[in-house]
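Q: The structure that follows is given in the form of structure tokens.
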Amino acid sequence: MGNLLTSPDVFLNGIVVVPGARTEHNDASALGIPDANYERIVRKVGVRSRPVAGPDQYTSDLAFSASRALLDARPQTDVGALIVCTQTPDHLIPGVSSRVHGLLGLPNDCFVIDINQGCSGFVLGTQMIVAMQRSMASHKSSLLINADTYSRLLRPDDVTTRVLFGDAATAAEFSTRPQGLRFRYCRSFADGTGYEAFVAHNSAVRPDDQPAGIHMDGSAIFNFALRCVPDAIRIALDDNGLQVGQIRKFIFHQANRFVTAQLARKLGLSDNQAPDNCEYMGNTVSRRPCRFCRRNRWRRSNAAIW
126 MGNLLTSPDV
136 FLNGIVVVPG
146 ARTEHNDASA
156 LGIPDANYER
166 IVRKVGVRSR
176 PVAGPDQYTS
186 DLAFSASRAL
196 LDARPQTDVG
206 ALIVCTQTPD
216 HLIPGVSSRV
226 HGLLGLPNDC
236 FVIDINQGCS
246 GFVLGTQMIV
256 AMQRSMASHK
266 SSLLINADTY
276 SRLLRPDDVT
286 TRVLFGDAAT
296 AAEFSTRPQG
306 LRFRYCRSFA
316 DGTGYEAFVA
326 HNSAVRPDDQ
336 PAGIHMDGSA
346 IFNFALRCVP
356 DAIRIALDDN
366 GLQVGQIRKF
376 IFHQANRFVT
386 AQLARKLGLS
396 DNQAPDNCEY
406 MGNTVSRRPC
416 RFCRRNRWRR
426 SNAAIW
């Protein structure tokens with residue numbers, strides 16, 4: 126079940142996080158809803174504010190800022206591959222990775238590509254990086270950039286999505302040099318039959334008769350999470366000979382306090398094992414695992430499932 130990848134010889138050496146330039150607060154007046162409805166939504170979802178891109182700040186700007194800061198902090202990095210994961214590119218053509226490559230002044234023999242993934246983008250991007258890193262020269266590093274400006278796809282009248290999504294970018298550096306966190310294991314799962322549960326209508330070249338912007342079927346996503354995620358986690362634990370009690374932190378990609386609580390209950394986790402950290406972050410899509418770990422300043426001694 127799922128696609129398994131293990132690699133004891135690839136390391137995550139650094140992460141930089143760049144949030145959008147503005148902070149948007151989920152208060153009743155900003156959302157245009159009664160106070161009672163606001164309290165009910167915030168109590169259930171748990172998000173009070175989110176980073177949002179500035180008027181002239183786009184995905185490539187966030188991506189460049191994060192990667193530039195990372196390379197400035199690690200000036201000896203020799204980049205052999207650059208992957209940008211985004212669902213909100215500045216343009217359909219060219220890719221965001223091309224612009225970032227040029228702005229960073231990376232060498233012409235650098236492997237450059239965009240991938241279109243949302244919530245699973247950091248995990249899937251890491252799998253691609255690990256697979257490529259094995260075939261690269263030992264002194265070369267790979268950059269994984271996750272960046273999106275989902276706020277530009279949200280409809281002002283759709284409170285259910287406006288309260289959730291924020292804008293941010295992260296840049297992560299991987300290499301075979303043992304300088305950081307060792308990549309050990311990843312197993313991926315997919316179910317394309319549910320693609321209509323989360324769609325950005327009229328956002329590319331295929332027209333439809335729906336209002337432009339993100340449509341989210343919250344019930345379908347909730348049911349999928351509770352049906353599939355606990356089993357996937359149990360498989361991951363079994364693959365590694367681990368029990369729930371041996372894991373210090375489980376990081377669920379879900380900017381919804383209610384869903385996270387239900388997952389923790391099904392797995393028998395304590396509050397400390399399944400921390401809630403979306404109150405002032407919201408759902409920054411594929412950047413969320415990086416933002417969470419950086420915010421909590423985790424060290425190598427901490428065990429975590431992303």
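Per the numbering used here: the sequence shown = residues 126 to 431. Glycine included, each C-beta is placed from N, C-alpha and C at the ideal position.
Whose C-alpha, out of His340, Met341, Ala315, is nearest the C-alpha of Ser245?
A: Residue numbering aside, residue 245 sits at position 120 when the sequence shown is read from its first letter. The shortest Cα separation from Ser245 among His340, Met341, Ala315 belongs to Ala315.
Q: Quick check on Leu367: buried or exposed, where buried means 16 or more other Cβ atoms within 10 Å of its Cβ?
A: The residue labelled residue 367 in the question sits at position 242 within the sequence shown. Answer is exposed; the Cβ neighbour count stays below 16.
Q: Using only alpha-carbon positions, find the residue among Phe247, Gly291, Arg277 that is nearest to Pro180.
A: Taking the sequence shown and counting its residues from 1, the one referred to as residue 180 is at position 55. The shortest C-alpha separation from Pro180 is found at Arg277.
Q: Alpha carbons only, please: which of Thr211, Thr251, Arg312, Pro336 is nearest the one belonging to Ile140?
A: For the purposes of this step, residue 140 is taken as the residue at position 15 of the sequence shown. Here the closest residue by C-alpha is Thr251.
Q: Would you list the one or two residues that DSSP bridges to Phe299?
A: Translated into the one-based positions of the sequence shown, residue 299 becomes position 174. Paired residues: Leu137, Ser267.
Q: Terminal residues of the continuous alpha helix (DSSP H) containing Cys353?
A: Locating residue 353 in the sequence shown gives position 228, counting from the first residue. Taken as a continuous stretch (DSSP letters only), the alpha helix (DSSP H) holding Cys353 covers 343–364.
Q: So does the segment 309–323 actually touch the segment 198–215, counting three or more Cβ pairs closer than 8 Å?
A: Here the segment 309–323 does not lie against the segment 198–215, with fewer than 3 beta-carbon pairs under 8 Å apart.
Q: What distance in whole Å lies between the Cβ atoms of Asp283 and Gly343, which are believed to be in contact at a cut-off of 8 Å?
A: Translated into the one-based positions of the sequence shown, residue 343 becomes position 218. Translated into the one-based positions of the sequence shown, residue 283 becomes position 158. That pair is no contact at about 11 Å.
Q: DSSP beta-bridge partners for Gly338?
A: Locating residue 338 in the sequence shown gives position 213, where the first residue counts as 1. For Gly338, which the question treats as bridged, DSSP gives the partners His326.
Q: Helix, strand or coil, according to DSSP, for Val441 in the structure here?
A: Coverage of the chain is limited to positions 126 through 431, which leaves residue 441 absent and any answer about it impossible.
Q: Under 8 Å Cβ to Cβ from Ile430, same chain only, skipping five residues before and after it: list those, please.
A: Residue numbering aside, residue 430 sits at position 305 when the sequence shown is read from its first letter. Note that Ile430 scores a pLDDT of 36, beneath 50, so its modelled location is shaky and nothing firm can be said.
Q: So, is Val142 buried or exposed, given that buried needs 16 or more other C-beta atoms within 10 angstroms?
A: Position 17 of the sequence shown holds residue 142. So Val142 ends up on the buried side.
Q: In three-state DSSP terms, what is Arg173?
A: Locating residue 173 in the sequence shown gives position 48, where the first residue counts as 1. Coil.
Q: Report, in whole angstroms, the separation of the C-beta atoms of Thr285 and Met341, which I expect to be a contact under 8 Å.
A: By one-based count along the sequence shown, residue 285 stands at place 160. By one-based count along the sequence shown, residue 341 stands at place 216. Yes, they are in contact, since the Cβ atoms of Thr285 and Met341 sit about 7 Å apart, within 8 Å.
Q: Identify whether Thr318 lies in helix, strand or coil by the three-state DSSP scheme.
A: Within the sequence shown, the letter at position 193 stands for residue 318. Three-state DSSP puts Thr318 in a helix.
Q: Are Leu187 and Ala194 closer than 8 Å when you measure CB to CB?
A: As a first step, residue 187 is located in the sequence shown; it is residue number 62 there, counting from the start. As a first step, residue 194 is located in the sequence shown; it is residue number 69 there, counting from the start. No. Outside cutoff.
Q: Determine the DSSP secondary structure at Thr274, reduced to helix, strand or coil.
A: Counting from one through the sequence shown, the residue named residue 274 turns up at place 149. It is a strand residue.
Q: For the beta strand (DSSP E) containing Val369, name the first residue and the last one.
A: To locate residue 369, count along the sequence shown from 1; it is residue 244. Unbroken run through Val369: none, as it is neither H nor E.
Q: Within a Cβ cutoff of 7 Å, which residues of the same chain sit near Gly201, ignoring the five residues on either side of it in sequence?
A: Within the sequence shown, numbered from 1, the residue matching residue 201 stands at position 76. The displayed chain sequence assigns Gln, not Gly, to residue 201. So no residue of the chain qualifies.
Q: Write down the C-beta distance between Leu306 and Phe189 rounded to the nearest angstrom, noting that I regard them as a contact closer than 8 Å.
A: Within the sequence shown, residue 306 is the residue found at index 181, counting from 1. Within the sequence shown, residue 189 is the residue found at index 64, counting from 1. About 24 Å; that fails the 8 Å criterion.
Q: Between which two residues does the alpha helix (DSSP H) harbouring Arg312 extend?
A: On the sequence shown, residue 312 is found 187 positions in, with the first residue counted as 1. Segment 310–313 is the beta strand (DSSP E) holding Arg312; no alpha helix (DSSP H) there.
Q: Since I believe Pro214 is in contact with Pro176 (beta carbons under 8 Å), could you give me their beta-carbon distance rounded to a whole number of angstroms?
A: In the sequence shown, the residue the question calls residue 176 occupies position 51. In the sequence shown, the residue the question calls residue 214 occupies position 89. 19 Å between Cβ atoms; not a contact.
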